[in-house]
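Below is one structure, written out as structure tokens, with a few remarks after it.
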Amino acid sequence: MKWPSISIIIPSFNQGRFIERTLLSIFKQDYPGDVQVIVSDGGSSDETTEILRKYPEITWWSKGDEGLVDAINQGFSAATGDVLAIQSSDDFYLPDAFVRSITELVQDSSLALVSGCDVYLMGDGKSFSCSALDDHNITPRSLMMRRVIPQHCAFFWRSMLKITGGLGPEISEGAEIDLWYRALHFVEARFIPHHTAVYQFHDQQRTVKGDRWYQSLTQIVESCEADEKFASRFRFDALDKQVLYQRWLLQEARRSGNEARVAVLLDELSRGASDETITFLIRQGFLPKSATANPRHPNHRVPDIHWSEPKRDTTDRRAA
Numbered sequence: 231m232k233w234p235s236i237s238i239i240i241p242s243f244n245q246g247r248f249i250e251r252t253l254l255s256i257f258k259q260d261y262p263g264d265v266q267v268i269v270s271d272g273g274s275s276d277e278t279t280e281i282l283r284k285y286p287e288i289t290w291w292s293k294g295d296e297g298l299v300d301a302i303n304q305g306f307s308a309a310t311g312d313v314l315a316i317q318s319s320d321d322f323y324l325p326d327a328f329v330r331s332i333t334e335l336v337q338d339s340s341l342a343l344v345s346g347c348d349v350y351l352m353g354d355g356k357s358f359s360c361s362a363l364d365d366h367n368i369t370p371r372s373l374m375m376r377r378v379i380p381q382h383c384a385f386f387w388r389s390m391l392k393i394t395g396g397l398g399p400e401i402s403e404g405a406e407i408d409l410w411y412r413a414l415h416f417v418e419a420r421f422i423p424h425h426t427a428v429y430q431f432h433d434q435q436r437t438v439k440g441d442r443w444y445q446s447l448t449q450i451v452e453s454c455e456a457d458e459k460f461a462s463r464f465r466f467d468a469l470d471k472q473v474l475y476q477r478w479l480l481q482e483a484r485r486s487g488n489e490a491r492v493a494v495l496l497d498e499l500s501r502g503a504s505d506e507t508i509t510f511l512i513r514q515g516f517l518p519k520s521a522t523a524n525p526r527h528p529n530h531r532v533p534d535i536h537w538s539e540p541k542r543d544t545t546d547r548r549a550a
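Under the numbering used here, the first residue of the sequence shown carries the number 231, and numbering increases by one thereafter.
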């Protein structure tokens, strides 16, 4: 099997305490093909650039940009790989993430995108939880109604950007969801049942507050349904859209700390809810897990969340 080249785009801004772990999780992958690492830094004032200078194999720049979307699109422009991925500067890959993901892409020629499942690392750097392993095909509907593709776990053929044109600057939050949603109107995608990356919670994390979450996600759906290019291939029926928007309002209320609103929306959603919605509410922590919950997938393993942590006394690789 010929292993395609990969370009990993890492948008970065003042994440110096995490970014070396991210980089090492790439360098330590046992992947036979070429890997290009691109760090698109927005002009960090912390130790980020000092760390980047230690790794001459990285393509990087540090200058002011117009935000996350601009940083990623600059990375896309510099990418030369056959396969692309976007990794946050505070998240990181798990062992064998590249081989498992790319094997699926290459062996099934119908696929344009694959995503593993993620692990959530708490702010203490020790406690973590694993998302359920999944292997379903991903459609525009399942992306919104069942499970969103985690950006930090996704790999896709470069050719997919010919359809999407990169990230849209008009989406203020969730631009990567917009990318997946537009692409899935035209391409095939699938989850692979392995944990391939870790999502790091921390106190300086970029969060979505107020009504931006709801506005952005509804904008993603409505803009596609207003464009015949996308609407001719898929659109939500009225009931699905009503349930979907109620879910997003519920998540927005929780993000805003409006517990009274959460209680009202949860009651509305729970009454006569489908199994799909009940599963969503359980996964999101709005309802308790059932005593008869599904058993873990046979691929489930306890992840080594410390495998790519840098040593305290690192040496400058340029001197090697």
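Just so you know, even glycine gets a beta-carbon here, dropped at the ideal spot from N, CA and C.
- In this structure, DSSP gives W410 a helical state, which the three-state scheme calls helix.
- Here the region 249-264 makes no contact with the region 295-307; the two share fewer than three CB pairs at distances below 8 Å.
- Using a Cβ-Cβ distance cut-off of 8 Å, the region 529-544 and the region 240-253 are in contact, since at least three pairs of beta carbons, one from each stretch, lie closer than that value.
- In the pairwise beta carbon analysis, the region 416-424 is classified as touching the region 341-353: at least three pairs are separated by under 8 Å.
- Fully contained in the region 465-513 is no beta strand (DSSP E) run of length 3 or more.
- The beta carbon of E406 sits closer than 6 Å to those of Q381, all from its chain and outside the five residues before and after it, given in chain order.
- Apart from the 5 residues on each side of it in sequence, E277 sits with its Cβ closer than 8 Å to the Cβ of G246, R247 in its chain, given in chain order.
- In the same chain as Q430, and ignoring 5 residues on each side of it, the C-beta atoms closer than 6 Å to its own belong to D320, D321, L351, in chain order.
- Our two residues, A456 and G398, have alpha carbons roughly 16 Å apart in a direct line.
- In the three-state reduction of the DSSP assignment, T333 falls in the helix class.
- Membership of W443 in the alpha helix (DSSP H) is indicated by the continuous run 442-455.
- The three-state reading of DSSP puts E250 in helix, counting H, G and I together.
- Spatial neighbours of S237 in its own chain (CB-CB distance under 7 Å, excluding positions within 5 residues in sequence) are listed in chain order as Q266, I268, A309, T310, G311, L314.
- Burial check for D271: the Cβ neighbour count within 10 Å reaches 16 or more, so the residue is buried.
- Listed in chain order, the alpha helix (DSSP H) runs fully inside the region 363-417 are 370-375, 391-394, 405-414, counting runs of at least 4 residues.
- Apart from sequence neighbours up to five positions away, the residues of its chain that approach M375 with a beta-carbon distance below 7 Å are D470, L474, E506, ordered along the chain.
- When C-alpha distances from V451 are compared across G404, L511, A483, S520, the shortest belongs to G404.
- Counted as a single uninterrupted DSSP element, the alpha helix (DSSP H) harbouring D300 occupies residues 298-308.
- A residue is called buried once 16 or more other Cβ atoms fall within 10 Å of its Cβ, and F385 is buried on that count.
- Nearest Cα to I316 within the set C454, D433, C383, A468: C383.
- Shown here for R531: same chain residues with a beta carbon closer than 8 Å to its own, the five before and five after excluded, namely H425 in chain order.
- Around the C-beta of A490, fewer than 16 other C-beta atoms lie within 10 Å, and the residue is accordingly described as exposed.
- In the structure shown, S345 adopts extended strand secondary structure according to DSSP, grouped into three states.
- With respect to the C-alpha of I393, the residue from I379, L373, F328, H415 having the closest C-alpha is H415.
- The beta carbon of W478 is closer than 8 Å to those of W443, Y444, L447, T448 in its chain, skipping five residues each way along the sequence.
- Annotation: the continuous beta strand (DSSP E) that includes F358 extends over 358-360.
- Of the residues R330, E296, E418, S357, the one whose Cα lies closest to the Cα of P370 is E418.
- For I281, no beta strand (DSSP E) encloses it; the enclosing alpha helix (DSSP H) starts and ends at 278-282.
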